[in-house]
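356 is the number of the first residue of the sequence shown in my numbering; add one for each residue after it. Cβ coordinates follow ideal geometry from the N, Cα and C atoms, glycine included. Since we're looking at a predicted model, the values are computed, not measured. In what follows, a single structure is set out as structure tokens and then discussed.
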Amino acid sequence: MIEEIIGISKYYYRHRGIGGIIKTNLKDFIVVERYSDELEKEGNFAVYFLKKKGRNTIEVIEEIAEKLGIDVREIGFAGIKDKSSISFQRISFPAKYKEKVDNLSIKKAKLFFLGFRREKIRKGCLLGNLFVVTIRHSKGDIEEWLEKAEKYGGLERGRSPLPLFINYFGPQRFGNLRPIMHIVGKCLVKNKVEEGIKFFLGLSFPLEPEKTREARDYFFRYEDTSHSLKIFPKELHYERKILEYLSKKGKKYKDSLKVLPKNLQRLFVDAYQSYLFNRFASKLMGRRKYACLPGYKIKDLSEEEKEVLEEEGISLSDFRMPHLPYLKAKGTYRKILERVEDLSVLSKDPVRIRFFLKKGCYATSFLREVMKKDAFLLEFKASKADYSTAGLERKVREFRKILTEL
356 MIEEIIGISK
366 YYYRHRGIGG
376 IIKTNLKDFI
386 VVERYSDELE
396 KEGNFAVYFL
406 KKKGRNTIEV
416 IEEIAEKLGI
426 DVREIGFAGI
436 KDKSSISFQR
446 ISFPAKYKEK
456 VDNLSIKKAK
466 LFFLGFRREK
476 IRKGCLLGNL
486 FVVTIRHSKG
496 DIEEWLEKAE
506 KYGGLERGRS
516 PLPLFINYFG
526 PQRFGNLRPI
536 MHIVGKCLVK
546 NKVEEGIKFF
556 LGLSFPLEPE
566 KTREARDYFF
576 RYEDTSHSLK
586 IFPKELHYER
596 KILEYLSKKG
606 KKYKDSLKVL
616 PKNLQRLFVD
626 AYQSYLFNRF
636 ASKLMGRRKY
646 ACLPGYKIKD
656 LSEEEKEVLE
666 EEGISLSDFR
676 MPHLPYLKAK
686 GTYRKILERV
696 EDLSVLSKDP
706 VRIRFFLKKG
716 CYATSFLREV
726 MKKDAFLLEF
736 KASKADYSTA
746 GLERKVREFR
756 KILTEL
């Protein structure tokens, strides 16, 4: 399975999935954030609903900050929403910017004023996300699947009949078309920044567009930053920023890291922690309720977790990262199994379902159970076998080898 590259190797349910495809168009995947707090008529921060279509959250936030002429860190948000979706999420600004924000025009996005709050919106503010997902070209009956899931994962155990799923971090955490984030993250944790930058620029993946793959392959082979800058597609915004720096300053790969926003650098380390959690969860499912996202403050490790860390050549103290102290990771614990809430079937042809997930849970981790497909292929008609000729299996082996040898 392709998803093994991000540590996913098990399904919770044994019965057959319904198959199908998600995200045929943006309307097929709708995400709405839910909060528990009430907004006020006055406050230090103005709160808006950001509606975006087909754009990454960080990309939109950076555009807003640039147009307002403010530091991106002044904008508060609780989570990153999938690019291939229509999403609604809250963001906050210092109240003094409200008039400017009200007059903003943003590409493929709109802002709707909601009210005020005393503090900036942060990760902890979010209750969870409501999803409305359309699955097209399915081959099974969704209600029949849910009945079997309820029996296996709920009713027989005397609990809520709503289905359980393994609480994996999904492909979005690592890169939907190129799962590279955790590989770069391991490089940063291990103080191999130069390798990390080279992988970020040059490791291609078969799910990417052909021109992107060709540009990455050229850089990886020749490390010619000037010509690479000419051929790298304009949408590869961060890669181009690094190439611009390297072209001007020479091949100072370690120094080039600073051109990336710190929140993106943080995501690299987060992704590596997430990969390790996925591996832990695959081994501990059914044995423990929690697995760790490793960090220097974690103390209670199972034998299975110790074994994975040994295989990875990683110790908990590595996450102190004295070479990049602003990225150090304390670590935490995360539930291995989670339960879907407020689940309802809106239609059967095509399948359209609505459900709520707690913050930090990934819809793709539940949908892969429903569809019984590799998490990376939920959006594609092709199966794993169809991609073997495109070098996908070879690339998966290459990525796994890199992770092992770092």
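Subject >> Buried or exposed (CB count within 10 angstroms, at least 16 for buried), V624 >> reply: As a first step, residue 624 must be located in the sequence shown, where it is residue number 269. Flag for V624 reads buried.
Original post:
For F735, which three-state DSSP category applies?
Top reply: For the purposes of this step, residue 735 is identified with residue 380 of the sequence shown, where counting begins at 1. Looking at F735 - three-state DSSP - the assignment turns out to be coil, as it is neither helix nor strand.
Original post:
Under three-state DSSP, which class holds P526?
Top reply: Residue 526 sits at position 171 when you count from the first residue of the sequence shown. Helix.
Original post:
Nearest to G470 by alpha carbon, out of E734, L679, R445 and V488?
Top reply: Here residue 470 refers to the residue found at position 115 when the sequence shown is read from its first residue. Answer by Cα proximity: R445.
Subject >> Local Cβ density within 10 Å of F468, reported as buried at 16 or more and exposed below that >> reply: In the sequence shown, counting from the first residue as 1, residue 468 sits at position 113. Counting Cβ neighbours within 10 Å, F468 comes out exposed, since fewer than 16 surround it.
Original post:
Skipping 5 residues on each side, what residues in its chain have a beta carbon closer than 7 Å to that of V725?
Top reply: For this step, residue 725 is matched to residue 370 along the sequence shown. Counting only Cβ-Cβ distances below 7 Å, and skipping sequence neighbours, we find G372, I373 and W500.
Original post:
Can you name the start and end residues of the alpha helix (DSSP H) that T379 belongs to?
Top reply: Reading the sequence shown from its first residue, position 24 is the one you call residue 379. Run containing T379: none; DSSP gives neither H nor E here.
Original post:
How big is the Cα-Cα spacing for G598 and K683?
Top reply: Within the sequence shown, the letter at position 243 stands for residue 598. Within the sequence shown, the letter at position 328 stands for residue 683. Going by the sequence as given, residue 598 is Leu instead of Gly. Computed Cα separation, rounded: 26 Å.
Original post:
According to the Cβ coordinates, are V402 and R472 closer than 8 Å?
Top reply: The residue labelled residue 402 in the question sits at position 47 within the sequence shown. The residue labelled residue 472 in the question sits at position 117 within the sequence shown. The answer is yes: Cβ separation under 8 Å.
Original post:
Roughly how many whole angstroms lie between the Cα atoms of F674 and E662?
Top reply: As a first step, residue 674 is located in the sequence shown; it is residue number 319 there, counting from the start. As a first step, residue 662 is located in the sequence shown; it is residue number 307 there, counting from the start. Spanning the two alpha carbons is a distance of roughly 17 Å.
Original post:
Who pairs with C647 in a beta bridge, going by DSSP?
Top reply: Position 292 of the sequence shown, counting from 1, holds the residue named residue 647. Beta-bridge pairing links C647 to Y688.
Original post:
How far does the beta strand (DSSP E) with G483 in it reach, from first residue to last?
Top reply: Taking the sequence shown and counting its residues from 1, the one referred to as residue 483 is at position 128. Start and end: L481 to I490.
**OP:** Could you tell me how far apart the beta carbons of Y645 and K690 are, in whole angstroms, since I believe they sit closer than 8 Å?
**Re:** By one-based count along the sequence shown, residue 645 stands at place 290. By one-based count along the sequence shown, residue 690 stands at place 335. Between K690 and Y645 the Cβ distance is about 6 Å, and since that is below 8 Å, they are a contact.
Original post:
Going along the chain, which residues of its own chain have a beta-carbon closer than 7 Å to the beta-carbon of K378, five neighbours each way excluded?
Top reply: By one-based count along the sequence shown, residue 378 stands at place 23. Cβ neighbours of K378 beyond the five flanking positions: F384, S439 and E734.
Subject >> G551 versus I538 - alpha carbon distance >> reply: Numbered from its first residue, the sequence shown carries residue 551 at position 196. Numbered from its first residue, the sequence shown carries residue 538 at position 183. If I take the Cα positions, the gap works out to 7 Å.
Original post:
What are the boundary residues of the beta strand (DSSP E) that L712 is part of?
Top reply: Position 357 of the sequence shown, counted from the first residue, corresponds to residue 712. Its beta strand (DSSP E) spans residues V706 to K713.
Subject >> Exposure of T412, with buried meaning 16 or more beta-carbon neighbours within 10 Å >> reply: For the purposes of this step, residue 412 is identified with residue 57 of the sequence shown, where counting begins at 1. Per the 10 Å Cβ criterion, buried.
Subject >> Distance between K652 and K685 (C-alpha atoms, nearest Å) >> reply: Position 330 of the sequence shown, counting from 1, holds the residue named residue 685. Position 297 of the sequence shown, counting from 1, holds the residue named residue 652. Their Cα atoms are separated by approximately 5 Å.
Original post:
In its own chain, which residues sit with a C-beta less than 7 Å from the C-beta of I419, not counting the 5 before and 5 after it?
Top reply: Indexing the sequence shown from 1 puts residue 419 at position 64. Only I430, L459 and I461 meet the Cβ criterion.
**OP:** Starting from G557, follow the alpha helix (DSSP H) in both directions and report where the run begins and ends.
**Re:** To locate residue 557, count along the sequence shown from 1; it is residue 202. Where G557 is concerned, the enclosing alpha helix (DSSP H) stretches over V548 to G557.
Subject >> Candidates I586, K545 and D579: closest to E565 by CA position >> reply: Position 210 of the sequence shown holds residue 565. Nearest C-alpha to E565: I586.
**OP:** Excluding the 5 residues preceding and the 5 following A740 in the sequence, name in chain order all residues of the same chain whose CB lies nearer than 7 Å to its CB.
**Re:** In the sequence shown, counting from the first residue as 1, residue 740 sits at position 385. A caution first: A740 carries a pLDDT of 48, below 50, which makes its placement in the model too unreliable to give a value.
**OP:** Answer with buried or exposed for S720, where buried requires no fewer than 16 other C-beta atoms within 10 angstroms of its C-beta.
**Re:** Within the sequence shown, the letter at position 365 stands for residue 720. With 16 or more Cβ atoms within 10 Å of its Cβ, S720 is classed as buried.
Subject >> For G431, the three-state DSSP class (helix, strand or coil) >> reply: Taking the first residue of the sequence shown as position 1, residue 431 is located at position 76. Taken through DSSP and simplified to helix, strand or coil, G431 comes out as strand.
**OP:** Look at the Cβ atom of R533, then the Cβ atom of E563, and state whether they are nearer than 8 Å.
**Re:** As a working mapping, residue 533 is identified with position 178 in the sequence shown. As a working mapping, residue 563 is identified with position 208 in the sequence shown. Closer than 8 Å, so yes.
**OP:** For K654, count neighbouring C-beta atoms within 10 Å of its own C-beta (all shown protein chains included) and say buried if the count is 16 or more, exposed if not.
**Re:** Taking the first residue of the sequence shown as 1, we reach residue 654 at position 299. Burial check for K654: the Cβ neighbour count within 10 Å stays below 16, so the residue is exposed.
**OP:** Along the alpha helix (DSSP H) that carries K638, what are the first and last residues, could you check?
**Re:** Looking up residue 638 in the sequence shown gives position 283. Element bounds for K638: K617 to L639.
Original post:
If we count Cβ pairs, one from each stretch, closer than 8 Å, do we get three or more for the region 626-640 versus the region 691-707?
Top reply: Enough Cβ pairs lie closer than 8 Å, so yes.
Original post:
If you compare alpha carbons, which of D426, I497, E578 and Q628 is closest to Y523?
Top reply: Within the sequence shown, the letter at position 168 stands for residue 523. Nearest C-alpha to Y523: Q628.
**OP:** Tell me, to the nearest whole angstrom, how far the beta carbon of N399 is from that of A464; I am working on the premise that it is less than 8 Å.
**Re:** Indexing the sequence shown from 1 puts residue 399 at position 44. Indexing the sequence shown from 1 puts residue 464 at position 109. At roughly 24 Å, the Cβ-Cβ gap does not stay under 8 Å, so N399 and A464 are not in contact.
Original post:
Is it the case that the CB of E753 approaches a heavy atom of the ligand SAH more closely than 7 Å?
Top reply: In terms of ligand content, the structure shown is empty, and the ligand SAH therefore cannot be addressed.
**OP:** Might you give, ordered along the chain, the residues of its own chain that have their beta carbon closer than 6 Å to the beta carbon of R642, omitting 5 neighbours on each side?
**Re:** Looking up residue 642 in the sequence shown gives position 287. Around R642: no qualifying Cβ.
Original post:
With distances taken between CB atoms, is the gap from R571 to L558 smaller than 8 Å?
Top reply: Walking along the sequence shown from the start, residue 571 turns up at place 216. Walking along the sequence shown from the start, residue 558 turns up at place 203. It is a contact, given that the beta carbons lie within the stated cut-off.
**OP:** Measure the CB-CB distance between R491 and P705 and report whether it falls below 8 Å.
**Re:** Position 136 of the sequence shown, counted from the first residue, corresponds to residue 491. Position 350 of the sequence shown, counted from the first residue, corresponds to residue 705. Yes. Within cutoff.
Original post:
I think K541 touches L758, with their Cβ atoms under 8 Å apart; what is that distance to the nearest whole Å?
Top reply: Locating residue 541 in the sequence shown gives position 186, counting from the first residue. Locating residue 758 in the sequence shown gives position 403, counting from the first residue. About 7 Å; that satisfies the 8 Å criterion.
Subject >> Cutoff 6 Å; reference D426; Cβ partners in own chain excluding five residues on either side >> reply: In the sequence shown, the residue the question calls residue 426 occupies position 71. Nothing listed; no residue qualifies.
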